[in-house]
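Step one of this worksheet: look at the structure below.
In this note's numbering, the protein residues as written are 1 to 214.
Shown next as structure tokens:
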């Protein structure tokens, strides 16, 4: 397998966590999506992922899988243990609900391409856009707090073991922290995050531990 990664991408961070939990180590191909490098826009990578986004995974049969949640569920199917989804149908739905709430309804508002569009295409100055990402991140995580509070027993977002929900949660919390968003009142969410930060699979795959593109 080949994994097209970016050290600063929260979506790629999700996949790194899943790979670590599964004990999988595909060939890793760094893609620099920032600054003048913009490797995700170059023909070689666009041929892999026409969305021009990271991450992407190429399996052993040269089939390309895009979108971090699809990649994670693919990994869960080809390497079933440990499972990244809970045992019951209701708990699996909760884990997916939390993951999708973050990946679909929070994450897009804080991405560099949205910031560039606001600044370059809409010509909005930083004073007018400074609250854009923090607003959507904070309001979205408030809803995730309520979803986590419904889980019943267990120290993780959807139960007793780390799941897809946790894999998506911690990278988004790091984005919130970079935006200096106070989450201390979200007690269920912050308790889960504190637990995740004791697990090497979540810590050692974080952006700060990844090689910086040359």
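Backbone N, C-alpha and C fix where the C-beta goes; we use that ideal spot for every residue, glycine too.
The model shown is predicted, which means the values in this text are computed figures rather than measured ones.
For residue i, list the residues DSSP reports as bridge partners.
i           : result
residue 159 : 156
residue 66  : 56
Use the C-beta contact count for residue i: other C-beta atoms within 10 angstroms, 16 or more gives buried, fewer gives exposed.
i           : result
residue 104 : exposed
residue 157 : buried
residue 92  : buried
residue 205 : buried
residue 116 : exposed
residue 200 : exposed
residue 209 : exposed
residue 189 : buried
residue 43  : exposed
residue 120 : exposed
residue 82  : exposed
residue 171 : buried
residue 135 : exposed
residue 95  : buried
Helix or strand or just coil, what does DSSP make of residue i?
i           : result
residue 54  : coil
residue 73  : helix
residue 2   : strand
residue 29  : strand
residue 194 : helix
residue 24  : coil
residue 39  : helix
residue 10  : helix
Taking Cβ positions, are residue i and residue j nearer each other than 9 Å?
i           : j           : result
residue 55  : residue 5   : yes
residue 155 : residue 192 : yes
residue 196 : residue 169 : yes
residue 17  : residue 181 : no
residue 76  : residue 22  : yes
residue 175 : residue 68  : no
residue 211 : residue 26  : no
residue 207 : residue 45  : no
residue 137 : residue 98  : no
How do the stretch 53 to 71 and the stretch 128 to 147 stand: do at least 3 beta-carbon pairs fall below 8 Å, yes or no?
no
Inspect the CB distances between the stretch 92 to 111 and the stretch 135 to 145 and report whether three or more fall short of 8 Å.
yes
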